[in-house]
Amino acid sequence: MNGKRKNVVLCYILFICLLLFTGCSMEEQPQNVSQQDRRIEEKGLEIHYIDVDQGSSALIEMDGHYMLVDAGEKDQGEVVVDYLKKENVSHLDYVVGTHPHSDHIGGMAYVLQNVEADNLLIPEKEHTTKAFENMLDAAEKNEMEVIIPKQGETYSLGDASFTILSLNKDYEDELNNWSIVFQLKYKDTSFLFSGDAEEEAEHDICETGVNLKSDVYLVGHHGSHTSTSAEFLEAISPKYAVISCGVDNSYGHPKPQILTRLEEANIQIFRTDLQGSIVAYSDGKKITWNGEGASQEETSAQEERYILNTATKKFHLPSCSSVDQTKEENKKEFIGTREKLIEQGYESCKNCNP
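First residue of the sequence shown? That's 57 in my numbering, and the numbers climb one at a time after it.
Quick look at the structure:
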């Protein structure tokens, strides 16, 4: 009997141990999930300003949710897809085609043919360019919802959100001014994207009285003098500016006057033509970067050669047709910055837009 009792007791003890062990295992599983959630939360928000030469593209990552803003020219579509694969992105919650110009949406069709996506946001202004039509065709095959966003609408991206700032105003054939402008927020940090919106659209947005204050500004129109007006920049008051443009591009982007405007506002500048793809990280309070900003020497407004018309007080690029029509006695060569000329009372030519 004693032997039997011992066996019963041993079996009972083993049974209790098995229950305890099973209970511990069941409790550990949700704990591991919460630890993973904490790691995702600690990662925070990431914004990748992808180097697509003379164009624009940005990937936004938040809590396993992804958003792509533009995709550069057609030949950059593969570059963007390779970048997404490197980041293990196989599905996009949102895709934004800021406006119909090919340096922003040319590569989008290729992206949508290779990556699943849910929603495509485009401005109300349609266009008949091949790039625009290819993007819409790819979106249809991807069974995406096409959205024309309205000012004030807010969309969620994990713990982050973005709000549409641009107006659905009729800018006729000024495609740049139809750009979707939005502000992305994650806790106490904010980022502003304005496509190629020019001064008229910037002014209209400022007139609405919406709070544009943002920590990071993706400089409008690749640093063209037609965007980033003093009024708009003051309203944003960013700490950092990112300029997406190509090395030695034919447009002369970024323009010296825009660099000067950013420098005088003590804004740290990052440039894809100088640094390649740029990544900003936000934990909700602080923003860090994958590298240092461009040096003061690199971003300083460079001196350029202009031809002055001392009679009309206009200054021109040497290649401007107006130069040939200017009397020799009124021509004068000037090497320096356009800001110096403006200080001296000169105005830029409306034809060559120096």
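Where is the CB? At the ideal position from N, CA and C, for every residue including glycine.
Computed from a predicted model, the values in this text were never measured in an experiment.
The beta carbon of H183 sits closer than 6 Å to the beta carbons of P156 from its chain, once the five residues preceding and following it are set aside; these are given in chain order. When C-beta atoms of the region 251-268 are compared with those of the region 276-284, three or more pairs fall below 8 Å, so the two segments count as touching. In the three-state DSSP reduction, L248 falls in the strand class (E or B). By the CB criterion at 8 Å, H160 and S333 fall outside the cutoff. Distances from the alpha-carbon of N409 to those of E196, D380 and S375 put S375 closest. Restricted to the region 263-347, the beta strand (DSSP E) segments that are unbroken, complete and at least 3 residues in length are 272-274, 296-299, 324-327, 334-338 and 343-345, listed in chain order. CA-to-CA, the gap between G163 and V136 works out to about 8 Å. For F390, same chain residues with a beta-carbon under 6 Å away, outside a window of 5 residues either side, are Y362 and L364 in chain order. If you look at E196, you'll find it in the alpha helix (DSSP H) that goes K186 to K197. The C-alpha of I178 lies about 33 Å from the C-alpha of E348. A straight-line Cα-Cα distance of about 11 Å links A173 and E196.
In its chain, beyond the 5 residues on either side, T245, D271, V272, K295, Y296, A336 and Y337 have a beta carbon closer than 8 Å to the beta carbon of I343.
Counting C-beta pairs closer than 8 Å gives three or more between the region 118-131 and the region 212-230, which meets the contact rule. Taken in chain order, the whole beta strand (DSSP E) runs of length 3 or more contained in the region 120-144 are 121-125.
Rounded to the nearest angstrom, the gap between the Cα atoms of L248 and E263 is 17 Å. K99 has no beta-bridge partner at all, per DSSP. For K396, the enclosing alpha helix (DSSP H) starts and ends at R394 to E399. Here the alpha carbons of E399 and K387 stand approximately 19 Å from one another. C-alpha of L223 to C-alpha of G208: approximately 9 Å in a straight line. Within a 10 Å sphere around the beta-carbon of I299 sit 16 or more other beta-carbons, which makes this residue buried. Just so you know, the alpha carbons of K206 and A367 end up roughly 48 Å apart.
Q239 counts as buried, since no fewer than 16 other beta carbons sit within 10 angstroms of its beta carbon. By the neighbour-count definition (other C-beta atoms within 10 Å, threshold 16), I204 is an exposed residue. Within the same chain, Cβ atoms closer than 6 Å to the Cβ of D339 are found at G100, the five residues on either side in sequence being excluded. By DSSP's assignment, K387 forms a beta bridge with N365.
Distance between G111 and E360, taken at the CA atoms: about 24 Å.
Shown here, Y402 sits in coil according to DSSP, grouped into three states, outside any helix or strand. Inter-residue distance for I116 and E403 is about 40 Å (C-alpha atoms, whole angstroms).
Cβ atoms of A253 and S280 stay farther apart than 8 Å, at about 11 Å.
Cβ contact annotation for F288 (same chain, cutoff 7 Å, sequence separation greater than five): E258 and C262, in chain order. Around the CB of T393, 16 or more other CB atoms lie within 10 Å, so the residue is classed as buried. The beta carbons of V145 and V171 sit about 7 Å from each other, so the pair counts as a contact at 8 Å. In the DSSP assignment, the residues bridged to L148 are A173. Contact check for K181 and L231: beta-carbon distance about 7 Å, within the 8 Å limit, so the pair qualifies. In this structure, D109 and G128 form a Cβ contact; the two beta carbons are roughly 7 Å apart against a cut-off of 8 Å.
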